[in-house]
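**Student:**
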Amino acid sequence: MVEFTVPEVDYTRYTNRQLAAVPLAVLAVALLVIAGWYAATGAPVTPGVDFTGGTELRIATDASQDEVTAAFEATPESVRTVAAGGNSAGNTYVVTFQSGSTTTADIEAQAEAAGFEIRSIDAVSASFGADTQLLALGGVGIAFVGMSILVFAMFRTFVPSIAVVISAFSDIVIPVALMNLLGIELSLGTVAALLMLIGYSVDSDILLNNHVLRRSGDFYESTYRAMRTGVTMTLTSIAAMIVMTITATLFGIQLLAAIGTVLVFGLAADLMNTYMLNVTLLRWWKFEGVAR
Numbered sequence: 466m467v468e469f470t471v472p473e474v475d476y477t478r479y480t481n482r483q484l485a486a487v488p489l490a491v492l493a494v495a496l497l498v499i500a501g502w503y504a505a506t507g508a509p510v511t512p513g514v515d516f517t518g519g520t521e522l523r524i525a526t527d528a529s530q531d532e533v534t535a536a537f538e539a540t541p542e543s544v545r546t547v548a549a550g551g552n553s554a555g556n557t558y559v560v561t562f563q564s565g566s567t568t569t570a571d572i573e574a575q576a577e578a579a580g581f582e583i584r585s586i587d588a589v590s591a592s593f594g595a596d597t598q599l600l601a602l603g604g605v606g607i608a609f610v611g612m613s614i615l616v617f618a619m620f621r622t623f624v625p626s627i628a629v630v631i632s633a634f635s636d637i638v639i640p641v642a643l644m645n646l647l648g649i650e651l652s653l654g655t656v657a658a659l660l661m662l663i664g665y666s667v668d669s670d671i672l673l674n675n676h677v678l679r680r681s682g683d684f685y686e687s688t689y690r691a692m693r694t695g696v697t698m699t700l701t702s703i704a705a706m707i708v709m710t711i712t713a714t715l716f717g718i719q720l721l722a723a724i725g726t727v728l729v730f731g732l733a734a735d736l737m738n739t740y741m742l743n744v745t746l747l748r749w750w751k752f753e754g755v756a757r
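Listed below in structure tokens is the structure:
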């Protein structure tokens, strides 16, 4: 069994500005990336077939990517090479078509005529995709608002409560920005990963706040006790997600690879936000006479 040893951080060596500067700077950069992506594409993150509608075809063939593209009458929106997995020979491609550009039957017929081995074919209508997107993003919004209300009800003080909310917000924004940079589309799977990040963030932040506000002992002693549990929990989750991501990539399970990547970056961001930004706000509130 792997054990993580959490070093005791001497927070007294750093001012509040020094501790908060890094997470706030990363959050600002992430917001700029999302804003730039929205200005360029009309969406804060690229939606996948689940939300835009369309057809996704997975094939195995020895043909090149250009030959795969040329095999279809309608120009594919994207042609991606993925790990084949199993005992398959040749390359495995995921070919995506926009909704309305062609029919599923035509795509299947053209793939068979080109000699491609069809692994799977999935189609989503544009109207169903739009409804799914509304429900999924609405679920994320409701979960975030519900979490915020619960946190304020638990602590009933502004600064400790807003510290949890800001950390959770940053834990979502940073992975979304990285999704744009890494070419990961927003799908039902990645929405589920973002929902999981809300839960992970709240766990570590509430653990920290409870130790500092409701347990006996010095502020720094309470912070270290919370870190021993919280950091171990998060590092264990990161290790598990890295293993899942690598395994899913090797076997060509793109959805699990995307979920794992989002969770790894989100959990790493949670470590930064909890033990730099949240600790800073709690110390500022506790020692500098901030209105309670």
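Under our numbering, the first residue of the sequence shown is numbered 466, with each subsequent residue one higher.
No residue lacks a Cβ here, since even glycine has one placed at the ideal position from N, Cα and C.
Helix, strand or coil for Arg-621? Go by DSSP, reduced to three states.
**Tutor:** Arg-621 falls in the coil class under three-state DSSP.
**Student:** Thinking C-beta only, is Val-559 closer than 8 Å to Gln-719?
**Tutor:** Going by C-beta atoms, Gln-719 is nearer than 8 Å to Val-559.
**Student:** State yes or no: is the C-beta of Ala-525 within less than 8 Å of the C-beta of Thr-568?
**Tutor:** Cβ distance not < 8 Å, so Ala-525 and Thr-568 don't count as in contact.
**Student:** Grouping DSSP H, G and I as helix and E and B as strand, with all else coil, what is Ser-543?
**Tutor:** Note: Ser-543 maps to strand in three-state DSSP.
**Student:** Counting along the chain, where does the alpha helix (DSSP H) carrying Arg-679 start and finish?
**Tutor:** Taken as a continuous stretch (DSSP letters only), the alpha helix (DSSP H) holding Arg-679 covers 653–679.
**Student:** Within the same chain, show all residues whose beta-carbon is closer than 6 Å to that of Val-474, passing over the 5 residues directly before and after it, in chain order.
**Tutor:** There are no such residues.
**Student:** Taking 8 Å as the cut-off, decide whether the C-beta atoms of Phe-537 and Ile-583 are in contact.
**Tutor:** No, Cβ-Cβ distance for Phe-537 and Ile-583 is not below 8 Å.
**Student:** List the endpoints of the continuous beta strand (DSSP E) containing Tyr-558.
**Tutor:** Note, Tyr-558: beta strand (DSSP E), 556–563.
**Student:** So for Val-474, helix, strand or coil by DSSP?
**Tutor:** Val-474: coil per DSSP, three-state reduction.
**Student:** CB-CB under 6 Å to Tyr-503, same chain, minus the five flanking residues each way: which ones, in chain order?
**Tutor:** For Tyr-503, where only same-chain residues beyond five positions count, the Cβ hits under 6 Å are Pro-509.
**Student:** Rounded to whole angstroms, what's the CA-CA distance from Ile-637 to Ala-535? Just pull it up for me.
**Tutor:** So the alpha carbons of these two residues sit roughly 39 Å apart.
**Student:** Do Ser-635 and Ala-734 have their C-beta atoms within less than 8 Å of each other?
**Tutor:** A contact, by the Cβ cut-off of 8 Å.
**Student:** Should Pro-488 go down as buried or exposed, given a rule of 16 or more other Cβ atoms within 10 Å for buried?
**Tutor:** So Pro-488 ends up on the buried side.
**Student:** Helix, strand or coil: which one does DSSP assign to Asn-743?
**Tutor:** Correct three-state label for Asn-743: helix.
**Student:** I'd like the list of long-range same chain contacts for Arg-523, defined as Cβ closer than 6 Å, with 5 residues on each side in sequence excluded.
**Tutor:** For Arg-523, where only same-chain residues beyond five positions count, the Cβ hits under 6 Å are Val-559, Arg-584 and Ser-585.
**Student:** Please report how far the alpha carbon of Val-467 lies from the alpha carbon of Leu-673, in whole angstroms.
**Tutor:** At Val-467 the pLDDT is 49, less than 50, meaning the model places this residue with poor confidence; the figure from the coordinates comes in the next sentence. Rounded to the nearest angstrom, the two C-alpha atoms are 23 Å apart.
**Student:** Under the DSSP definition of a beta bridge, which residues are partnered with Arg-523?
**Tutor:** Partner(s): Val-559 and Ser-585.
**Student:** Can you say whether Ala-570 is buried or exposed, counting buried as having 16 or more other CB atoms within 10 angstroms of its CB?
**Tutor:** It is exposed - the Cβ of Ala-570 has fewer than 16 other Cβ atoms within 10 Å.
**Student:** Could you tell me which residues DSSP pairs with Pro-512 in its beta bridges?
**Tutor:** Pro-512 pairs with Leu-651.
**Student:** Could you check whether the region 647–661 touches the region 600–609, counting it as contact only if at least three pairs of C-beta atoms, one from each stretch, sit closer than 8 Å?
**Tutor:** Flag = yes, the region 647–661 and the region 600–609 touch.
**Student:** Quick check: what's the CA-CA separation for Gln-598 versus Glu-542?
**Tutor:** Gln-598 and Glu-542: Cα-Cα distance of roughly 19 Å.
**Student:** If I follow the unbroken alpha helix (DSSP H) through Glu-577, where does it start and stop?
**Tutor:** Note, Glu-577: alpha helix (DSSP H), 569–578.
**Student:** Applying the 10 Å Cβ sphere with the 16-neighbour rule, what's the burial state of Asp-587?
**Tutor:** Exposed.
**Student:** Could you pull out every residue in the same chain whose Cβ sits closer than 6 Å to the Cβ of Leu-492, ignoring the five residues on either side in sequence?
**Tutor:** Ser-635.
**Student:** Out of Asn-675, Thr-622 and Met-612, which one is the CA nearest neighbour of Gly-664?
**Tutor:** It is Met-612.
**Student:** Pick from Thr-540, Ser-529 and Ala-539: whose alpha carbon is nearest that of Thr-546?
**Tutor:** Closest option to Thr-546, Cα to Cα, is Ser-529.
**Student:** On the three-state DSSP scale, how would you describe Gly-518?
**Tutor:** Looking at Gly-518 - three-state DSSP - the assignment turns out to be coil, as it is neither helix nor strand.
**Student:** To which residues of the same chain is Val-629 closer than 6 Å at the C-beta, ignoring the five residues directly before and after it?
**Tutor:** Same-chain partners within the cutoff: Val-616 and Asp-670.
**Student:** Report buried or exposed for Ala-500, applying the criterion of at least 16 other Cβ atoms within 10 angstroms of its Cβ.
**Tutor:** Per the 10 Å Cβ criterion, exposed.
**Student:** Which word fits Glu-753, buried or exposed, when buried means at least 16 other C-beta atoms lie within 10 angstroms of its C-beta?
**Tutor:** With fewer than 16 Cβ atoms within 10 Å of its Cβ, Glu-753 is classed as exposed.
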